[in-house]
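Asks: Each number in the working numbering comes from the position in the sequence shown (counting from 1) with 29 added on. Heads up, the beta-carbon is just placed ideally off N, CA and C, and yes, glycines get one too. Only a predicted model underlies this, so the values are computations on that prediction, with no experimental measurement involved. Okay, handing you the structure first.
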Amino acid sequence: MTDKIHLEILNRRDFVLGASAVAALATVVPLGGNRALAKSVSWQETMKAVIGDAKPAAGKVSVELPEIAENGRTVPFTVSADSAMSSGDYVKAMHVFSTGNPRPHTISMYFTPGSGKASATSRMRLGKTQDVVCVAEMSDGKFYMGKRTVKVTIGGCGG
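Structure, rendered in structure tokens:
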């Protein structure tokens, strides 16, 4: 009986020591890559990765944001696109990009004719004053774009 207890404690100790070694190693050799050291990608490159070589036309897309965001951690936004939302003419997707954030692709939303309208409201984090761009992908393969500038201030003092 004593030997069994001793082995359980020894195994537990081995586990803790092993886990500590792995944690220490992970701080020196990051698993899965280090995003801070990764090459910065522009919002245009990010948009191209999402929509391909399409050249979005201006219009049909509305981006609503506050002119000034006193708290960049939670900025409300609404995006919408003009469409009949019928089986032959509807918005397939809307992609939102924040041009000054380290990760520009904010969100992609997908729609069907059953959605009724192509509109969505959410919140995003913005690190600094920048443009927010929304690209709508239509069922006929066309793309439309709208954008809006939002000034992000820190505690209401500059930005």
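1. Do T107 and E93 come within 7 Å of each other at the CB atom, strictly closer than that value?
2. Tell me whether the beta-carbon of F172 lies closer than 7 Å to the beta-carbon of A110.
3. Buried or exposed for S127, please, with buried defined as at least 16 other CB atoms from any protein chain shown within 10 angstroms of its CB.
4. What is the DSSP secondary structure of M114, reduced to helix, strand or coil?
5. Could you name the residues that DSSP lists as bridge partners for Q159?
6. To test your reading of the DSSP string, which unbroken beta strand (DSSP E) runs of 3 or more residues are found completely within the stretch 109-154?
7. Taking a contact to mean a Cβ-Cβ separation below 7 Å, would you say P105 touches R154 in this structure?
Replies: Judging by the given coordinates:
1. Position 64 of the sequence shown, counting from 1, holds the residue named residue 93. Position 78 of the sequence shown, counting from 1, holds the residue named residue 107. Yes; because the gap between Cβ atoms is below 7 Å, this pair is in contact.
2. Mapped onto the sequence shown, residue 172 falls at position 143. Mapped onto the sequence shown, residue 110 falls at position 81. The answer is no: Cβ separation not under 7 Å.
3. The count along the sequence shown starts at 1 and reaches residue 127 at position 98. Classification for S127: buried.
4. Residue numbering aside, residue 114 sits at position 85 when the sequence shown is read from its first letter. Reduced to three states, the DSSP call for M114 is coil.
5. Here residue 159 corresponds to residue number 130 of the sequence shown, with the count starting at 1. Bridge partners of Q159: V179.
6. Fully enclosed beta strand (DSSP E) runs of 3 or longer: 120-127, 134-139, 147-153.
7. Residue mapping note: residue 105 aligns to position 76 of the sequence shown, counting from 1. Residue mapping note: residue 154 aligns to position 125 of the sequence shown, counting from 1. Not a contact, by the Cβ cut-off of 7 Å.
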